[in-house]
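Residue numbers for the sequence shown follow the working numbering, beginning at 964 and rising by one.
Everything below concerns the one structure shown next.
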Amino acid sequence: MKKISFLLVICTLTACSTKEKIYTVEEFMKDEPLMKKVLKECSEMSFNDQDNSTNCARARKAQVEIDFKKLTGGK
């Protein structure tokens, strides 16, 4: 009975945990629709969750780099 309970707990925890793919700044810069999607999701999060999200930070950094390149005419 203990084994069944233990397995049930493990299965429940595994099913509930979703591993978010972590993207690089370069990946966001190459895929603007993905970057915009992540930035939209970030805007719907609490500030604390945004601060703890690697993808939010990297998507924002990619957006800054893209904007800077547009302003300076860089490639």
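Cβ coordinates follow ideal geometry from the N, Cα and C atoms, glycine included.
Given a cut-off of 9 Å on the beta-carbon distance, is the pair L997 and E1007 in contact? Not in contact: L997 and E1007 (Cβ atoms no closer than 9 Å).
Per DSSP, what kind of secondary structure is I967 in: helix, strand or coil? Helix, per DSSP.
Considering M992, what are the terminal residues of the alpha helix (DSSP H) in which it resides? Residues V988 to K993.
Taking Cβ positions, are N1018 and E983 nearer each other than 9 Å? Yes, the pair counts as a contact, with Cβ atoms nearer than the cut-off.
Would you grab the beta carbon distance between T987 and R1021 for me? Rounded to a whole angstrom, and I think it's under 8 Å. About 7 Å; that satisfies the 8 Å criterion.
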